[in-house]
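Every letter in the sequence shown is one number past the one before it in the UniProt record's numbering, and letter 111, counting from 1, is 111.
By construction, the Cβ of each residue, glycine as well, lies at the ideal position given by its N, Cα and C atoms.
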Amino acid sequence: MHLLAVLSMKNRALIALVTIVAAVFGGLALTSLKQELIPSIDFPQLVILTNYPGASPEVVNDDVSTPIEQAVQGVEGIDTTSATSSTNLSIVNATFVYGTNLANAEQKISQAINRVKSTLPDTVDPQVLSGSIGDLPVIQIAVTGGAGGDTKALAASLRASTLTDIEQVAGVRAAQLVGDPGQRVTITPDSGKLAEAGLTQAALKTAVASNGTLLPAGSLTENGSTLSVQAGSKLASTADIAALPLPAAKPGGGVYSIGDVATVALVDNPVTSISRVNGEPALTIAVTKLPAANTVDVSKGVQDIIPELQSALPGATFTVVFDQAPFIQQSIESLATEGLLGLFFAVVIILIFLMSVRSTIVTAISIPTSVLITFIGLQTANYSLNILTLGALTIAIGRVVDDSIVVIENIKRHLGQAEGSGPIDGATRSEVIIEAVREVATAITASTITTVAVFLPISFVQGTTGELFRPFALTVTIALLASLFVALTIVPVLAYWFLGSSHRVSRRQRRALAKAAAAAAPDARQGVLAATASASASAASAAQGTSTSDTVAGRPVRDSLAVATAALPGRRARRSQNVIEDEAPGALQRRYLPIITWTLKHSFVTLIIAVLVLGGTIALVPFMKTNFLGSSGQNTLTVTQTVPVGASLDVQDASAQKVEAALRGIAGIRTVQASIGSSGSSLRDAFVGGGGNAITYSITTDDSVNQDDLQNTVRTDLAAIPDAGAISVAASAGFGGSSDITVDISATNQTDLQAAADAVLASVKDLDGITQSSSNLAATRPPISPWPWTARRRSRPASARWPSDRSSRTPCSRRRSDRS
């Protein structure tokens, strides 16, 4: 490896140019790196969300979840599948083997769903979502007020202009409005008119399905121009639908349109959910970014146009209820600060031990140079600046300087020995530096490669762990290899230019000289004093570029310090010369030498102590707190309130208002977003909250609030609300920061599943460290399943056909709860 030093010393100007180029491109790479909280991970998972309004969990499972799950199980690359069926919503998870191309897998999943779509209920529309962190909203904005308090009019205004304006921001992929029930077109057939025309309802369905699309119909060339021809037209209004022709009932029959036999109307969807922010009805805008976009830049761009958007909608208030950017900025700034502090203290420690400003500067240059080269590597590998890559740099800062310290110290020692009798020319100086690097090149290379061998294998780990920590491992590896390159190329050149002459008699050398004099015979003391004066004169003349030819006892003196020992007789002179050449031990060495001497004399005791320290360290591991990523500085909480199964929207609303009032009264809470009921949108129910018998409260807190203390306060205050049901409080886990532990339970029937869930809850609720435990298995609710009125049942006695109290109890009903 010392050949790199040989090459660099022969091309010093080139090395200087390479250093400047590395610094420039490293700075450019730093400014262009994306900023994220954690690396963007493409989980090998696809989620099929299907909303089925008004359906019980049993119906959702039988009609939607089971057919979809069976269809996707045949897709190539599938590892496991799971399905969760709850009121109004089906969630099917398809996990693939790592390394599967998700884009191709998504196409195959969509094709598999299309093959069974004819067997699904007509009102459902499965949505396939990828498992990438980049698919999560970058920022969510709640809009309240405006349009005179009319939520429907507000939604129309937002769709007309606001969403389009947000999507024009650089890096924004889509802005989606959630929480708006929307409208639908209904076709109500007139049975009398249908019978008169000889048509059936199937004819209406066929007419709608076969129209409203544009189809290519070839091309037409006229007057030298080629024009595309298309057939059909899009349906833009209810009038277009009403005008669609119906097929004749029989040859020669009259021609009817849908409007002739049915009523076509645009009606509002039924209200199945309520969304409020700080007690006011609200709609939510979820903004996602392009894969290559910078999260912080996208968030800032959206926030910059919020005042303009708000002014365009008089009376409307835009409130940011979720934003990834503050978490990312706080984490990155914190790690950057720690890294800079590490750099500063590393330089200070180097200065203290090297006791040379020039050597410290040369060594310290290796730290930013290695870091800048690492930034180039991150940009080349298409990695982002996140808490893992920055953490890797922080760890590497203390290590990247080691190689340079070893090289510069050895160069300084060799230059000092070579310049003992006077200045040396450039060629000799270069040879001395190369020789100094050659001595330590193998050692520092082995040390660096050993450290790389510790971190690099992490990048080959499979699964989520490998995807997450691969950038970490490669960042450390690049930084360490860069530091080795800098130590073997740039540091020798800088040492050639900046390390000064070492001709002065140092204090340590004078102490060594004094010891040599004290060891001399009494009759030689006078000669030693005279030699000391001669040594000082020799050093002074050397500093002025002159030379001396002092002799002692007829012998020429090459090293001024050797004058003292020349006056000593025989063996004492040789022993004193060795003392001077090795120099007296410094303060640190004087304290360390007795320790190392004792350990070498008591090797068995030393090994016993080492084993005890190792064993004690391992024994402390179980007491360490472990988590995935911690809270990541997030200032958001999620409160989930579980209400009785079957509770109406009005009952849920009344219960939610009590919880909202309590939350808004807690100091440190900035905004409270409540999501009640099922919105009819699988996207909203999956990411915004709500659905079934769960009410979700997304809470934004002040940045200065202690999150753990606030969570305890929220739990205490909400527990005092009467008849509020089960309430759970947790930090938002949008980035893997949740400390929750999930236990999946499977059973062959509902009764056993309920019993197992109750047993698990009872066994874990009193464990140390458990703040709350809950189950997503809701209480059972009997759906109404009336008997068909057949001749067989008519023959049975009335007492056997219906309950005597005429209640809604159904002997044949099957109990089914929300289940997963």
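For residue i, which of helix, strand or coil comes out of DSSP?
i	result
G145	strand
E280	strand
V705	coil
I669	strand
L710	helix
S655	helix
Y496	helix
N61	helix
A543	Because A543 carries a pLDDT of 42, less than 50, the predicted location of this residue cannot be relied on, and no value is offered for it.
residue 827	Because the chain is modelled from 1 through 820, residue 827 falls outside the range shown and cannot be assessed.
T636	strand
L394	Before going further, note that residue 394 is Thr rather than Leu in the sequence given. In this structure, T394 counts as helix in the three-state DSSP scheme.
T445	helix
S764	Per the sequence presented here, residue 764 reads as Val, with Ser not at that position. Helix.
N114	helix
G74	coil
N104	helix
S483	helix
Using CA coordinates, which residue listed in the options is at the minimum distance from residue i?
i	options	result
V185	S219, A175, L266	L266
L378	S746, I478, T80, G426	I478
A694	I373, I365, T640, A71	T640
L30	E660, Q183, T380	T380
E409	I361, L354, T451	L354
V264	D190, Q330, F322, N211	D190
residue 876	N382, I770, K205, T80	Outside the modelled stretch of the chain, which goes from 1 to 820, sits residue 876, for which no answer is possible.
L14	I490, Y697, A647, T751	I490
N211	A242, L129, E308, P57	A242
S698	S275, S85, V437	S275
residue 822	Y98, L89, V64	Lying outside 1 to 820, the shown extent of the chain, residue 822 is not represented and no answer is given.
V705	I424, G668, A236, V321	G668
S648	V271, V128, V64, F25	V271
Residue i: buried (16+ other C-beta within 10 angstroms of its C-beta) or exposed?
i	result
S225	exposed
L7	exposed
G677	buried
K234	exposed
L372	buried
residue 824	A question about residue 824 goes unanswered here, because the residues of the chain that appear run from 1 up to 820.
T700	buried
Y256	buried
H602	exposed
E660	buried
E36	buried
D403	buried
Q73	exposed
P121	exposed
M624	exposed
Y496	buried
Spell out the partners DSSP gives residue i in its beta bridges.
i	result
S210	Note: S210 sits in no beta bridge, so no partner.
A316	G145
S82	N93
residue 871	One cannot answer for residue 871 here, as it falls past the ends of the chain, which runs 1 to 820.
Y256	L246
I727	Q641
residue 874	No answer is possible for residue 874: it lies beyond the span of the chain, which begins at 1 and ends at 820.
F322	Q140
A174	T288
V267	R184
V216	A small correction: the amino acid at residue 216 is Pro; Val does not occupy that position in the sequence shown. Paired residue(s): Q230.
residue 828	The structure shown does not extend to residue 828, since the chain is modelled only from 1 to 820, so the question has no answer here.
E222	S225
I48	V92, V128
L385	Q35
T700	T636, T671
Taking 7 Å as the cut-off, does the CB of residue i come closer than this to any heavy atom belonging to the ligand FMN?
i	result
T100	As far as ligands go, the structure on display features none, and thus does not contain the ligand FMN.
Legend entry - Touching by the beta-carbon criterion (3+ pairs, under 8 Å), the stretch 264-284 and the stretch 138-145: yes
Legend entry - Validate contact between the stretch 344-351 and the stretch 424-444 using beta carbons, cut 8 Å, 3 pairs: no
Legend entry - Inter-stretch contact (C-beta, 8 Å, three-pair minimum) for the stretch 82-95 and the stretch 42-50: yes
Legend entry - the stretch 443-463 in contact with the stretch 362-372 per 3-pair CB rule at 8 Å: no
Inset, instruction - Evaluate contact between the stretch 426-438 and the stretch 382-398, counting only Cβ atoms and requiring at least three cross-stretch pairs below 8 Å. - result: no
Inset, instruction - Report yes or no: do the stretch 54-74 and the stretch 104-113 share at least 3 C-beta pairs separated by less than 8 Å? - result: yes
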